[in-house]
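Trainee: Please see the structure below; I have some questions.
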Amino acid sequence: MVLLSVTETACEAIKVYHELFKDTKWSDDEPDLTNTAVGSPVSHHQLIQISDRLRERTSADSTPPTTSDLESLLKGARIHVAPPKPKAEKTPEYVALMARLREEEEQRAYERMINPPPPAETFGHRSPGTKAFGADILKAPVAQEVDDVTFADVNRQITLIINVLVTVIACSVGIWVIAWHWPTPTRLALSLGGSTVIGVAEVAIYFGYIKRVSDAKTKAVQQTESKQIVDTWVIDGKPGTKSSFSMRDQTMRHRKGKHR
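Going by full-length UniProt numbering, the first residue of the sequence shown is number 1, and it counts up by one from there.
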């Protein structure tokens, strides 16, 4: 039920109403208007009843006129918002329980601080000398092991598989269409045989390519870098021709003797 706030005009009308009709009883779901003040709650039904009874009484006898029309009673009224209920006071039992729980939690925190739990046991703790599989073969430290399978490799392999499948299917369909005048069993055998041969050829070519790449990498690793003197320069800054180490040593000795 939506309640309205009592205005000054409505408060005066309610007081007059109670003086004239003292035996009025309101329903249980409506607020009691016995000790009504400005701002108290009142229902719309109560204001209608008060307005009707006062207007009837004013027209029936010589009661002093009062503002009893419903429009005047509702003018300035707002929706009544009940004040928040006060919080229930904490019982002594609740206060004692919270204090005991707080003390127990502080005690547990202190125990965890002075006696920390042991760390979780892992495979590295149980076998500290164990290395990852293949670390000695690759001559690489365990902490710096890098997975060779990257996104580019996976993408390349998936693309290769799709290309092989497309080639095999295209060859089988082409053989089937070309041999249309042959019997169906023969066409089917030719299609399957041709697609199988194409697939084997594709795989063989790919493995040959992989072998050549691996051989090239092995040769590149085995090659040693050699350095060679291409040109030398004298002190005056002019470019000279290729000279051997002996000429360079003689020049150095000549400079030292001249300096002396």
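All residues carry an ideal CB built from backbone N, CA and C; glycine is no exception. Just so it is clear, the structure is predicted and the values come from calculations on it, not from any experiment.
Assign I205 to one of two classes, buried (16 or more other C-beta atoms within 10 Å of its C-beta) or exposed (fewer than that).
Mentor: It is exposed - the Cβ of I205 has fewer than 16 other Cβ atoms within 10 Å.
Trainee: Cβ of P31 within 9 Å of Cβ of L3?
Mentor: Yes, the Cβ-Cβ distance between P31 and L3 is below 9 Å.
Trainee: What whole-angstrom Cβ distance do A13 and S68 have, given they're in contact under 8 Å?
Mentor: Contact flag correct, Cβ pair sits at about 6 Å.
Trainee: Rounded to the nearest angstrom, what separates E8 and V38 at their Cα positions?
Mentor: So the two alpha carbons sit approximately 6 Å from each other.
Trainee: Is it buried or exposed, L101, if we count other Cβ atoms within 10 angstroms and call 16 or more buried?
Mentor: Under this definition L101 is an exposed residue.
Trainee: Quick check on the burial criterion: 16 or more other C-beta atoms within 10 angstroms. Buried or exposed for T186?
Mentor: That one is exposed.
Trainee: Is there at least one non-hydrogen atom of the ligand MN closer than 8 Å to the beta-carbon of R108?
Mentor: The ligand MN is not part of the structure shown, which contains no ligands of any sort.
Trainee: Please classify T91 as buried or exposed, where buried requires at least 16 neighbouring CB atoms within 10 angstroms.
Mentor: Exposed.
Trainee: Around the Cβ of I50, are there at least 16 other Cβ atoms within 10 angstroms (buried) or fewer (exposed)?
Mentor: So I50 ends up on the buried side.
Trainee: Closest to G199 by C-alpha separation, out of W176, I162, D153 and A120, would be which residue?
Mentor: Measuring from the Cα of G199, the nearest candidate turns out to be I162.
Trainee: Determine the extent of the beta strand (DSSP E) in which S27 is found, giving its start and end residues.
Mentor: That residue, S27, is in no beta strand (DSSP E); it is neither H nor E in DSSP.
Trainee: Can you list, in chain order, the residues of its chain whose CB lies under 8 Å from that of W26, leaving out five sequence neighbours each side?
Mentor: Only D32, L33 and Q46 meet the Cβ criterion.
Trainee: For P183, which residues in the same chain have their Cβ closer than 7 Å to its Cβ, ignoring the five residues on either side in sequence?
Mentor: Excluding positions up to five away in sequence, the list is empty.
Trainee: Exposed or buried, P119, counting other C-beta atoms within 10 Å across all chains shown (16 or more means buried)?
Mentor: Burial call: exposed.
Trainee: Output the distance between the C-alpha atoms of N35 and T24, rounded to the nearest integer angstrom.
Mentor: Whole-angstrom Cα-Cα distance: 14 Å.
Trainee: Is it the case that the Cβ atoms of V168 and S195 are separated by a distance below 9 Å?
Mentor: Closer than 9 Å, so yes.
Trainee: Give the single residue among S40, I48, E106 and R57 whose Cα lies nearest to the Cα of E19.
Mentor: When only C-alpha atoms are compared, the closest one is R57.
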